[in-house]
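S.K.: Below you will find the structure I want to go over with you.
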Amino acid sequence: MTGSPPTVDVLIVGGGPTGLAVANALGAAGVRAVLIDQDAGVADLPRAVSIDDEAMRFMQRLGLRAEAEAVTLPGTGTKYFGARGQLLLYARGRTPPRYGFPVKNPMDHPEFQQMLLAGAQRFPNLEIKHRTKFLSLSQDAETVTAEIDANGARESITCRYLVGCDGGRSPVRVAIGEEPMSGSAFGERWLVVDTVNDPHHQRYAMHHGDPRRPHVVIVGRNGRCRYEFLVAAGEDPEPGEINDFARRLVAPYRVLVDDDIVRCTIYQFYALVARNWKVGRVLLAGDAAHMMPPFAGQGLNSGLRDAANLCWKLSMVVDGRAGADLLSTYQAERRPHVEATVQLSVRVGKVMMSTSRARAAVRDVVFAAGQRLPGVRRFFAEMRFKPDPCYRHGFAVVRGGQDDPAGTQLCQPRVLTASGGIADLDDVLGDGFVLLGLDVTPDKLECLTHPLWSRLHARRVALRFGDQLPERGGVIPEVADLDGLLADQLGDLAGSVVLVRPDRIVAGTFVAETEQNFAHEVETKLAVPESLRVNAEAA
Ligand SMILES: Cc1cc2nc3c(=O)[nH]c(=O)nc-3n(C[C@H](O)[C@H](O)[C@H](O)COP(=O)(O)OP(=O)(O)OC[C@H]3O[C@@H](n4cnc5c(N)ncnc54)[C@H](O)[C@@H]3O)c2cc1C
Numbered sequence: 031m032t033g034s035p036p037t038v039d040v041l042i043v044g045g046g047p048t049g050l051a052v053a054n055a056l057g058a059a060g061v062r063a064v065l066i067d068q069d070a071g072v073a074d075l076p077r078a079v080s081i082d083d084e085a086m087r088f089m090q091r092l093g094l095r096a097e098a099e100a101v102t103l104p105g106t107g108t109k110y111f112g113a114r115g116q117l118l119l120y121a122r123g124r125t126p127p128r129y130g131f132p133v134k135n136p137m138d139h140p141e142f143q144q145m146l147l148a149g150a151q152r153f154p155n156l157e158i159k160h161r162t163k164f165l166s167l168s169q170d171a172e173t174v175t176a177e178i179d180a181n182g183a184r185e186s187i188t189c190r191y192l193v194g195c196d197g198g199r200s201p202v203r204v205a206i207g208e209e210p211m212s213g214s215a216f217g218e219r220w221l222v223v224d225t226v227n228d229p230h231h232q233r234y235a236m237h238h239g240d241p242r243r244p245h246v247v248i249v250g251r252n253g254r255c256r257y258e259f260l261v262a263a264g265e266d267p268e269p270g271e272i273n274d275f276a277r278r279l280v281a282p283y284r285v286l287v288d289d290d291i292v293r294c295t296i297y298q299f300y301a302l303v304a305r306n307w308k309v310g311r312v313l314l315a316g317d318a319a320h321m322m323p324p325f326a327g328q329g330l331n332s333g334l335r336d337a338a339n340l341c342w343k344l345s346m347v348v349d350g351r352a353g354a355d356l357l358s359t360y361q362a363e364r365r366p367h368v369e370a371t372v373q374l375s376v377r378v379g380k381v382m383m384s385t386s387r388a389r390a391a392v393r394d395v396v397f398a399a400g401q402r403l404p405g406v407r408r409f410f411a412e413m414r415f416k417p418d419p420c421y422r423h424g425f426a427v428v429r430g431g432q433d434d435p436a437g438t439q440l441c442q443p444r445v446l447t448a449s450g451g452i453a454d455l456d457d458v459l460g461d462g463f464v465l466l467g468l469d470v471t472p473d474k475l476e477c478l479t480h481p482l483w484s485r486l487h488a489r490r491v492a493l494r495f496g497d498q499l500p501e502r503g504g505v506i507p508e509v510a511d512l513d514g515l516l517a518d519q520l521g522d523l524a525g526s527v528v529l530v531r532p533d534r535i536v537a538g539t540f541v542a543e544t545e546q547n548f549a550h551e552v553e554t555k556l557a558v559p560e561s562l563r564v565n566a567e568a569a
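Residues in the sequence shown are numbered from 31 upward in steps of one, following our numbering.
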């Protein structure tokens, strides 16, 4: 039944980490939204065990930095060991950290979700309904109507957009006809054991490439630990035998009593990506759009990236500052990055977790040789193998050339403020669009006059490179790059202005002389109807 006026702007189906992140981002943007989840509360079983630097930065933007830090451990990366237990490589990210946080932050999935739920409850414009199951949907040109089972009562909710964050089996994905996803099921099965009272003290994750029994150990907060063991063909413990099976495998590390087992289960992993992440007014995010083996620890992180990418676009479309076509940039940007991340996860599994003695031996020799070459060592140590988001084919004004930062993620250095304080860059930038002047004085930034900047509510910030002091006073804050990260990333563009998107992706760069053209191109990307543009300019 469609055609009735929308009761909310956005309906979020699924209150896992992705749905809750979407709820936080839309809540903060003032969008009227409802989140429904079929369960009575957030899931209390652990799945993901770490979040990365980009995800922590997203938490910072959502105003949840302290809360996220309280439920994570600042980790130091991952050590990969060879067939004989020898260290092959230690992947620990760059120094200083590019985005302001460690690259791997172990956490407890239920605690993390609880933190996101509490964050979402801050917003009066957001309603959260548990014990509410999505059943089906229909849509027309203006609205989507979802049939739901609310605690036993059949009801419907009409919204302008529906975001399916309802996990790997995604009834929303099925309802829009996006089955099956493309990709493959991993034939392998893995025993996943979460424990407490663990004796490990390492702040790094450990991947053991012993072909006889590849396994992973990830140490968490407060004595928690995650063990993952490849289950061999023919090993088929009955449900009643699974704890004994885990006890045998964990024995080299600790004595495991039943009371110390939080969860013990056998998983089969998938490498799947949905073809269409947007059908009409329905969008998919998180595991509903993609699933990947956990070997690169990127499943949940990818869902959070989806939320960061989608929500500012959705809020601008809902409040009329952008046209509906802006939403098509969501899949254009996110899908290629997810595909690369799925491939990385599969590759890490195949190479580091191989069961072939011959392949493991070759791997170990190659990595040992590679470690002697500084460039190769740095490539792995700094985790340059992890695909960086680079959104050239969506909401970015690309000028071309390798050095054009359009579509890439802005680094987050520590900055020196005019008052002599030290802050993280994003805390100065705020949570919306930013015009960031690179060695451009505040008065020059003030001279940017295109009406688009006020429609974007773009904050203006002047950044000084080199060993200079920021100027005191003024409406436009001036800061100096303390870590030199932005000088490395954007130093060649001194004298330019960078338009930074709310998700900290560089939308493009311009100089005063090209401001009007640049603004026009941004308006085209925003898909703002011509009538609105003229009105806004006249205003
Ligand atoms: C063993 C293992 C280890 C992992 N390790 C990592 C890691 O270290 N790092 C990482 O980034 N990722 C990891 N992952 C992946 C990560 O757990 C998932 O990618 C992530 O949980 C997906 O979140 P989501 O919110 O998209 O989906 P889900 O967490 O599956 O949430 C979906 C929600 O939708 C609700 N729902 C479903 N159907 C309906 C319906 N009809 N109506 C209403 N609600 C509905 C469900 O109740 C659920 O709350 C791991 C996964 C596994 C299995």
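Note that the Cβ used here is the ideal one computed from N, Cα and C, for glycine as well.
#1: So does the segment 50–69 actually touch the segment 150–166, counting three or more Cβ pairs closer than 8 Å?
#2: Measuring alpha carbon to alpha carbon, tell me which of 343, 497 and 360 ends up nearest residue 610.
#3: Measure the alpha-carbon distance for residue 116 versus residue 427 and round it to whole angstroms.
#4: In terms of alpha-carbon separation, which member of 271, 303, 286 and 310 lies closest to residue 295?
#5: Going by beta-carbon coordinates alone, are residue 36 and residue 83 separated by less than 8 Å?
#6: Less than 7 Å between the CB of residue 196 and some heavy atom of ligand 1, yes or no?
#7: By DSSP, does residue 550 sit in helix, in strand, or in coil?
#8: Quick check on the burial criterion: 16 or more other C-beta atoms within 10 angstroms. Buried or exposed for residue 225?
#9: Quick test of the definition: if touching needs 3 or more C-beta pairs under 8 Å, does the segment 431–444 touch the segment 143–152?
#10: Please name the residue in 405, 308 and 333 whose C-alpha comes closest to that of residue 357.
#11: For residue 508 and residue 248, I'd like the C-alpha separation in whole angstroms.
#12: Where residue 210 and residue 318 are concerned, what is the direct C-alpha to C-alpha distance, given to the nearest angstrom?
#13: May I have a chain-ordered list of the alpha helix (DSSP H) segments no shorter than 4 residues that lie completely inside the segment 442–522?
#14: Applying the criterion that 16 or more other CB atoms from any shown protein chain within 10 Å of the CB defines a buried residue, is residue 259 buried or exposed?
#15: Taking the straight line between their C-alpha atoms, what separation do you get for residue 349 and residue 455?
#16: Taking residue 189 as part of the alpha helix (DSSP H), name the residues at either end of that continuous run.
#17: Secondary structure at residue 537, three-state DSSP: helix, strand or coil?
#18: Helix or strand or just coil, what does DSSP make of residue 360?
#19: Quick one, are the C-beta atoms of residue 233 and residue 106 less than 8 Å apart?
#20: Counting only the same chain and skipping the five closest in sequence on each side, list residues whose C-beta sits under 8 Å from that of residue 274.
#21: Starting from the Cα of residue 570, find the closest Cα among 512, 205, 377 and 188 and give me that residue.
#22: Tell me the rounded alpha-carbon separation between residue 170 and residue 102.
#23: With DSSP run on the structure shown, which of helix, strand or coil describes residue 49?
#24: Following the continuous beta strand (DSSP E) through residue 206, name the residue where it begins and the one where it ends.
#25: Ordered along the chain, which non-local residues of its own chain (more than five positions away) have a Cβ less than 7 Å from that of residue 205?
#26: Nearest to residue 79 by alpha carbon, out of 328, 57 and 555?
#27: According to DSSP, is residue 222 helix, strand or coil?
#28: Could you pull the start and end residues of the alpha helix (DSSP H) that residue 410 belongs to?
#29: Classify residue 39 as buried or exposed, calling it buried when 16 or more other Cβ atoms lie within 10 Å of its own Cβ.
#30: Terminal residues of the continuous beta strand (DSSP E) containing residue 163?
#31: Sorted by chain position, which residues of the same chain lie with C-beta nearer than 7 Å to residue 549's C-beta, five sequence neighbours on each side aside?
M.R.: According to the data block:
#1: Judged by Cβ distances under 8 Å, the segment 50–69 makes contact with the segment 150–166, as three or more pairs qualify.
#2: For the chain, the structure presents residues 31 to 569; residue 610 sits outside this window and is missing.
#3: Residue 116 and residue 427: Cα-Cα distance of roughly 47 Å.
#4: The shortest C-alpha separation from residue 295 is found at 271.
#5: Residue 83 sits away from residue 36, with the two beta carbons spaced by 8 Å or more.
#6: Yes, the beta carbon of residue 196 sits closer than 7 Å to at least one heavy atom of ligand 1.
#7: In the structure shown, the three-state DSSP call for residue 550 is helix.
#8: Flag for residue 225 reads buried.
#9: Short answer: they don't touch.
#10: Of 405, 308 and 333, the smallest CA-CA separation from residue 357 is found for 308.
#11: Between the alpha carbons of residue 508 and residue 248 lies a gap of roughly 41 Å.
#12: Note on geometry: alpha-carbon atoms of residue 210 and residue 318 lie some 11 Å from one another.
#13: Annotation: the segment 442–522 contains the following complete segments of the alpha helix (DSSP H) (minimum length 4 residues), in chain order: 455–459, 472–476, 481–485 and 515–520.
#14: With 16 or more other CB atoms across the displayed protein chains lying within 10 angstroms of its CB, residue 259 is buried.
#15: If I take the Cα positions, the gap works out to 28 Å.
#16: Premise fails: residue 189 lies in the beta strand (DSSP E), 183–194, not in any alpha helix (DSSP H).
#17: DSSP places residue 537 in strand when its eight states are reduced to three.
#18: Residue 360 falls in the helix class under three-state DSSP.
#19: In this structure, residue 106 lies closer than 8 Å to residue 233 by Cβ.
#20: The beta carbon of residue 274 sits closer than 8 Å to those of 267, all from its chain and outside the five residues before and after it, given in chain order.
#21: Any question about residue 570 goes unanswered here, given that the chain covers just 31 to 569.
#22: Computed Cα separation, rounded: 43 Å.
#23: It is helical.
#24: The continuous stretches of beta strand (DSSP E) do not include residue 206, and DSSP gives it neither H nor E.
#25: Taking C-beta separations shorter than 7 Å and ignoring five residues to either side along the sequence, the partners of residue 205 in its chain run 166 and 167, following chain order.
#26: For the residues 328, 57 and 555, the minimum Cα distance to residue 79 belongs to 328.
#27: For residue 222, the secondary structure class from DSSP, reduced to helix, strand or coil, is strand.
#28: From DSSP, the alpha helix (DSSP H) with residue 410 extends over 404–411.
#29: Taking a 10 Å sphere around the C-beta of residue 39, we find 16 or more other C-beta atoms and assign the residue as buried.
#30: For residue 163, the uninterrupted beta strand (DSSP E) segment begins and ends at 162–169.
#31: In the same chain as residue 549, and ignoring 5 residues on each side of it, the C-beta atoms closer than 7 Å to its own belong to 480 and 482, in chain order.
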